[in-house]
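Notes follow once the structure below has been shown.
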Amino acid sequence: DGGITQSPKYLFRKEGQNVTLSCEQNLNHDAMYWYRQDPGQGLRLIYYSQIVNDFQKGDIAEGYSVSREKKESFPLTVTSAQKNPTAFYLCASSIRGLNTEAFFGQGTRLTVV
Amino acid sequence: DQQVKQNSPSLSVQEGRISILNCDYTNSMFDYFLWYKKYPAEGPTFLISISSIKDKNEDGRFTVFLNKSAKHLSLHIVPSQPGDSAVYFCAAARNNAGNMLTFGGGTRLMVKP
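Quick mapping for you: the protein sequence lines, in order, are chains A and B. For the first sequence, the working numbering begins at -17 and goes up steadily by one. For the second sequence, the working numbering begins at 2 and goes up steadily by one.
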């Protein structure tokens, strides 16, 4: 079954600790994205990558870092510099080209205490 | 500066009737529009899309209308079913900008039996 897998589904961390969220896809998509959703709000773009070994900041990249060493994987690290890290994080992927939709993983709920 | 807006946070409709969800955008550079459906604690699933060269796209019970001059699009669901109850997100993309999606804040649809 092709799809996007995010793990873990729920994650708890203490304030001041870095944490890495996993995102793997076997759809052979070139592009991958990280979004954040806060209660009652839409999704906001954190980082995106159009190709291996290249990534760009989205609208709210401060306090986050990513890597794209493999086509299938796009992990997101939430650093201690992120002031409000508690949120629902969604990873997505798409093919490159015009008029394409993004496919989303099931999300990771991060709670920082 | 919210470029995609869904001004109705919630909508309640009787089963069998039409549901109309609205979305407005401000960026005239957007040329591809999508609707996603989302359940709590899950990733969004793609519903239907429309290119800016069209004014209507239909897929079964779902139809999306685009009014470029008004920078407005709407999703019609006919007939509405209880299983349609979810949060619906409108999203927009610029084809020359890597297909990154800009999301609206979402509309919670409740279909009553």
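All C-beta atoms, glycine included, are put in the ideal place defined by N, C-alpha and C.
Any contact between the stretch 91 to 109 of chain B and the stretch 31 to 39 of chain B? By contact I mean 3 or more CB pairs, one from each, below 8 Å.
yes
For Asn97 (chain B), the three-state DSSP class (helix, strand or coil):
For the purposes of this step, residue 97 (chain B) is taken as the residue at position 96 of the second sequence. Of the three classes helix, strand and coil, the one that applies to Asn97 (chain B) here is helix, per DSSP.
With distance defined between alpha-carbon atoms, name the residue in B:Asp85, B:Asp2, B:Asn28 and B:Met101 nearest to Phe63 (chain B).
Residue 63 (chain B) sits at position 62 when you count from the first residue of the second sequence. Nearest option by C-alpha distance: B:Asp85.
Could you check the C-alpha separation between Ile54 (chain B) and Tyr40 (chain B) for me, to the nearest Å?
Taking the first residue of the second sequence as position 1, residue 54 (chain B) is located at position 53. Taking the first residue of the second sequence as position 1, residue 40 (chain B) is located at position 39. So the alpha carbons of these two residues sit roughly 30 Å apart.
Suppose you measure from the CA of Gly106 (chain B) to the CA of Glu43 (chain B); what does that come to, to the nearest Å?
Locating residue 106 (chain B) in the second sequence gives position 105, where the first residue counts as 1. Locating residue 43 (chain B) in the second sequence gives position 42, where the first residue counts as 1. Each residue's Cα considered, the two are about 16 Å apart.
If we call anything under 8 Å between Cβ atoms a contact, is Gln88 (chain A) one with Gln(-12) (chain A)?
Counting from one through the first sequence, the residue named residue 88 (chain A) turns up at place 106. Counting from one through the first sequence, the residue named residue -12 (chain A) turns up at place 6. Yes, Cβ-Cβ distance for Gln88 (chain A) and Gln(-12) (chain A) is below 8 Å.
So, does the stretch 12 to 19 of chain A touch the stretch 40 to 50 of chain A, judging by three or more C-beta pairs under 8 Å?
yes
In the DSSP assignment, what are the bridge partners of Lys113 (chain B)?
Locating residue 113 (chain B) in the second sequence gives position 112, counting from the first residue. Bridge partners of Lys113 (chain B): B:Gln15.
Any C-beta of chain B sitting closer than 8 Å to the C-beta of Arg18 (chain A)?
Taking the first sequence and counting its residues from 1, one reaches residue 18 (chain A) at position 36. So no, Arg18 (chain A) is outside the interface.
Quick one: which unbroken alpha helix (DSSP H) runs of 4-plus residues sit fully inside the stretch 45 to 77 of chain B? Chain order, please.
none
Give me, in chain order, the residues of the same chain whose beta-carbon lies closer than 8 Å to that of Ser50 (chain B); leave out the 5 immediate sequence neighbours on both sides.
Counted from its first residue, the second sequence places residue 50 (chain B) at position 49. Once the five neighbours on either side are set aside, the close Cβ partners of Ser50 (chain B) are Tyr33, Phe34, Leu35, Trp36, Asn58 and Val65.
For the beta strand (DSSP E) that Glu6 (chain A) lies in, which residues bound it at each end?
For the purposes of this step, residue 6 (chain A) is taken as residue 24 along the first sequence, with counting starting at 1. Where Glu6 (chain A) is concerned, the enclosing beta strand (DSSP E) stretches over Val1 to Gln7.
Check whether the Cβ of Ser4 (chain A) lies closer than 8 Å to any Cβ atom in chain B.
Along the first sequence, read from residue 1 onward, the residue named residue 4 (chain A) stands at position 22. No, Ser4 (chain A) lies away from the interface with chain B (no Cβ there is under 8 Å from its Cβ).
Short-range partners of chain B found in the stretch 62 to 78 of chain A, where Cβ spacing is below 7 Å:
Leu72 and Ser76
As assigned by DSSP and simplified to three states, the class of Asp1 (chain B)
This structure gives no information on residue 1 (chain B), because the portion of chain B shown stretches from 2 to 114.
State the beta-bridge partners of Thr103 (chain B) as determined by DSSP.
Sequence index remark: in the second sequence, residue 103 (chain B) carries index 102 (1-based). Its beta-bridge partners are B:Ala93.
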